[in-house]
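Note sheet for the following structure.
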Amino acid sequence: MAIYNRSISNTPIRRAVTNRAETSRVSVDVEARRLADDIIRERDLERVISRQGKIFSRFDTIDDVLSNNVETVTRGLFTGNTGSLTTMFTSSNLTATQKTYYQEIFSSGDPALSTNASAELSLAYGHFAGSGSKDLTENLNNDTPTRAIYKQYAQSLLEPNDKKFTFNGVDSSHIYILNFNRARIREKLDPGNFEITLAALSGSGFPNNKHTGSNVVVDGTGKFIQIIDDSSLSSATVGESGQVYNLISGSLDGAGIHSSTDPVYYGLLYPQHGIAILNADTLNSNINFGTVTGSSVQGENAVKLFTSLSTSSAMTPSGVNGGIQARSSEQVKSTYYFVRAKNAEYNYSNNPSYVTGSLGQLTFNTFASDPQTYITSVGLYNERNELLAVAKLSQPLLKNFTREALIKVKLDF
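Following this line, the structure appears as structure tokens:
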């Protein structure tokens, strides 16, 4: 009997639930119609406002916005986006200890003497065993700057457990380094647009281990070599340090790869790091660098590389650039906004010159029925009507009831 009573008492409850569900469906339909009516009224109001002076237009994300466009942009690597560095200066601001590690190279003068000097790259020499330099501070625990340089770049660029740089299958215990200004390389150096020209040096006149960078002289024969990456021959080797190309004999001035079947291997290019590594052994044998490798001898080998680079432009024939030719490369993501001003829109102006007098009368009575305005800029706003960006037109654009405008705004990220 108790169970029967519960069964009877539950029946009205089920009906009440059903009635509430029906009421909810009706409420949803009413709310949907109300929202639809609001949208229609808003559109009608926008049409009226467009005739009277429109301020904002909402972008249609399908028709008016084109996002995630990727473009590869290249620029000259050096100051002023120039792709050539033929005149270069060392810095007098470096201390004697700093010079045992590297030489910083500037364009437009020595930074100690010129405020226009711009840092372009650094040159260094590294030796696996630490030869060719000595500890001027006596605080390095029997270590030397050249050893520190070699280990630093090996750790940054080589695979784990690989201790030495390998050029065309042969390990080298000493290297020359060109490390380009990080702000200039942007994403990476542009493979296929990289060239180094080096003048031959003279190894005569100084005994072994005394032919230091400060005593170096240029070979009087005018001999020089040009080095480019091999991106035109093969794809990059990809490792933990990113892409790696070989640096081989060749030029960008039309000649291309010298002996593409049997090139001379001079080094390695790490474009994503903005670093070029040159094999000191090859430079010694091919252009007589005479790298100082004596123990506890301050060889100033980085100065040798600077002398060879900075004088190479004078060695090349007319029409051929010396020094360094290089470009940066980066992928830029862009979003395009298509700003459409239809014939009935944006024909009035809130510029103070548009009206006159204390009552704000139109400067020209004809503007009441035939307004004439000039679009000079486009503002991009967020949902709270806060100005985020302004795009300026190259010249004012006439707008009236007989003219429509389509302005493409590009934002790079």
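Each step along the sequence shown adds one to the number in our numbering, with nothing skipped, and position 315 is 321. Cβ atoms here follow ideal geometry from the backbone N, Cα and C, with glycine treated the same way. The model shown is predicted, which means the values in this text are computed figures rather than measured ones.
Of the residues 150, 36 and 63, the one placed nearest residue 389, counting alpha carbons only:
To locate residue 389, count along the sequence shown from 1; it is residue 383. Closest option to residue 389, Cα to Cα, is 63.
Using a 10 Å radius around the Cβ and a threshold of 16 neighbouring Cβ atoms, would you call residue 394 buried or exposed?
Translated into the one-based positions of the sequence shown, residue 394 becomes position 388. Flag for residue 394 reads exposed.
Length of the line joining the Cα atoms of residue 383 and residue 362:
Locating residue 383 in the sequence shown gives position 377, counting from the first residue. Locating residue 362 in the sequence shown gives position 356, counting from the first residue. Using only the alpha carbons, I get a separation of about 23 angstroms.
Rounded to whole angstroms, what's the CA-CA distance from residue 144 to residue 130? Just pull it up for me.
Counting from 1 along the sequence shown, the entry for residue 144 is found at position 138. Counting from 1 along the sequence shown, the entry for residue 130 is found at position 124. Going by the C-alpha atoms only, they are around 21 angstroms apart.
Straight-line Cα distance separating residue 182 from residue 207:
Residue mapping note: residue 207 aligns to position 201 of the sequence shown, counting from 1. Residue mapping note: residue 182 aligns to position 176 of the sequence shown, counting from 1. C-alpha separation (whole angstroms): 15 angstroms.
Is the Cβ-Cβ distance between residue 256 and residue 276 less than 8 angstroms?
As a first step, residue 256 must be located in the sequence shown, where it is residue number 250. As a first step, residue 276 must be located in the sequence shown, where it is residue number 270. No, they are not a contact pair.
Enumerate in chain order the residues of its own chain whose CB-to-CB distance from residue 245 is below 7 angstroms, with the five nearest sequence positions on each side excluded.
Start at 1 with the first residue of the sequence shown, and residue 245 comes out as number 239. The residues are 165.
Mind checking who residue 367 pairs with in its DSSP beta bridge?
Against the sequence shown, residue 367 aligns to sequence position 361. Partner(s): 362.
Spatial distance of residue 286 from residue 297 (CA atoms):
Numbered from its first residue, the sequence shown carries residue 286 at position 280. Numbered from its first residue, the sequence shown carries residue 297 at position 291. Roughly 7 angstroms between the two C-alpha positions.
For residue 116 and residue 139, believed in contact at Cβ under 8 angstroms, the rounded distance:
As a first step, residue 139 must be located in the sequence shown, where it is residue number 133. As a first step, residue 116 must be located in the sequence shown, where it is residue number 110. Not really, about 23 angstroms apart at Cβ, beyond 8 angstroms.
Once you ignore the five residues that flank residue 412 on each side, which residues in its own chain have a CB closer than 6 angstroms to its CB?
Here residue 412 corresponds to residue number 406 of the sequence shown, with the count starting at 1. Excluding residues within five positions, the ones whose Cβ falls inside 6 angstroms are 346.
Continuous beta strand (DSSP E) stretch holding residue 189: start and end:
On the sequence shown, residue 189 is found 183 positions in, with the first residue counted as 1. Run containing residue 189: none in the beta strand (DSSP E); it sits in the alpha helix (DSSP H), 188 to 191.
Check the C-beta distance from residue 254 over to residue 233 and give it rounded, since I have them as a contact under 8 angstroms.
The sequence position of residue 254 within the sequence shown is 248, counting from 1. The sequence position of residue 233 within the sequence shown is 227, counting from 1. Going by Cβ atoms, the distance from residue 254 to residue 233 rounds to 7 angstroms, so yes, they are a contact pair.
Go ahead and label residue 89 buried or exposed: buried means 16 or more other beta carbons lie within 10 angstroms of its beta carbon, across all protein chains shown.
Taking the sequence shown and counting its residues from 1, the one referred to as residue 89 is at position 83. Label assigned to residue 89: buried.
How long is the line joining the alpha carbons of residue 302 and residue 137, rounded to whole angstroms?
Position 296 of the sequence shown, counted from the first residue, corresponds to residue 302. Position 131 of the sequence shown, counted from the first residue, corresponds to residue 137. One C-alpha to the other measures close to 7 angstroms.
Just to confirm my understanding: we take residue 79, look at its own chain, exclude 5 residues before and 5 after, and list those with CB closer than 7 angstroms. What are they?
Residue numbering aside, residue 79 sits at position 73 when the sequence shown is read from its first letter. Counting only Cβ-Cβ distances below 7 angstroms, and skipping sequence neighbours, we find 336 and 338.
Reference residue 173; option with closest CA among 331, 230, 243 and 151:
What you label residue 173 is simply residue 167 of the sequence shown in a count that begins at 1. Minimum Cα distance to residue 173 is reached at 243.
Residue 352 - DSSP class collapsed to helix/strand/coil
Taking the first residue of the sequence shown as 1, we reach residue 352 at position 346. DSSP places residue 352 in coil when its eight states are reduced to three.
Beta carbon of residue 199, beta carbon of residue 81: below 8 angstroms?
Taking the first residue of the sequence shown as position 1, residue 199 is located at position 193. Taking the first residue of the sequence shown as position 1, residue 81 is located at position 75. No, they are not a contact pair.
So, is residue 374 buried or exposed, given that buried needs 16 or more other C-beta atoms within 10 angstroms?
In the sequence shown, counting from the first residue as 1, residue 374 sits at position 368. Residue 374 is exposed by the Cβ-count criterion.
Compute the Euclidean distance between the alpha carbons of residue 252 and residue 241, then round it to the nearest angstrom.
The count along the sequence shown starts at 1 and reaches residue 252 at position 246. The count along the sequence shown starts at 1 and reaches residue 241 at position 235. Each residue's alpha carbon lies about 10 angstroms from the other.
Once the 5 residues before and after residue 327 are set aside, which same chain residues still bring their CB inside 6 angstroms of it?
Stepping through the sequence shown from its first residue, residue 327 is reached at position 321. Counting only Cβ-Cβ distances below 6 angstroms, and skipping sequence neighbours, we find 90.
Which first and last residues belong to the beta strand (DSSP E) in which residue 265 is found?
By one-based count along the sequence shown, residue 265 stands at place 259. Segment: none, residue 265 is in no beta strand (DSSP E) and carries neither H nor E.
Within the same chain, show all residues whose beta-carbon is closer than 7 angstroms to that of residue 133, passing over the 5 residues directly before and after it, in chain order.
Counted from its first residue, the sequence shown places residue 133 at position 127. Cβ neighbours of residue 133 beyond the five flanking positions: 152, 153, 156, 179, 180 and 299.
By DSSP, does residue 201 sit in helix, in strand, or in coil?
Start at 1 with the first residue of the sequence shown, and residue 201 comes out as number 195. Of the three classes helix, strand and coil, the one that applies to residue 201 here is strand, per DSSP.
With distances taken between CB atoms, is the gap from residue 127 to residue 187 smaller than 8 angstroms?
On the sequence shown, residue 127 is found 121 positions in, with the first residue counted as 1. On the sequence shown, residue 187 is found 181 positions in, with the first residue counted as 1. Yes.
Environment of residue 269 [buried if 16+ CB atoms lie within 10 Å]:
As a first step, residue 269 is located in the sequence shown; it is residue number 263 there, counting from the start. When all chains shown are included, residue 269 counts as buried.
With respect to the beta strand (DSSP E) encompassing residue 93, which residues constitute its N-terminal and C-terminal limits?
If you number the sequence shown from 1, residue 93 lands on position 87. Segment: none, residue 93 is in no beta strand (DSSP E) and carries neither H nor E.
Mind checking which residues open and close the beta strand (DSSP E) that includes residue 327?
What you label residue 327 is simply residue 321 of the sequence shown in a count that begins at 1. It is not in any beta strand (DSSP E) - residue 327 carries neither H nor E in the DSSP assignment.
Spatially closest choice to residue 353 from 379, 359, 369 and 366, by CA coordinates
Here residue 353 refers to the residue found at position 347 of the sequence shown. If we check each option's Cα against that of residue 353, 379 comes out closest.
Going straight from the alpha carbon of residue 271 to that of residue 171, what length do you get?
If you number the sequence shown from 1, residue 271 lands on position 265. If you number the sequence shown from 1, residue 171 lands on position 165. Distance between the alpha carbons of residue 271 and residue 171: 13 angstroms.
Alpha carbons only, please: which of 103, 163, 121 and 402 is nearest the one belonging to residue 280?
The residue given as residue 280 occupies position 274 in the sequence shown. Ranking 103, 163, 121 and 402 by Cα distance to residue 280 puts 163 first.
Between the CA atoms of residue 76 and residue 317 - distance to the nearest angstrom:
As a first step, residue 317 must be located in the sequence shown, where it is residue number 311. As a first step, residue 76 must be located in the sequence shown, where it is residue number 70. Each residue's Cα considered, the two are about 40 angstroms apart.
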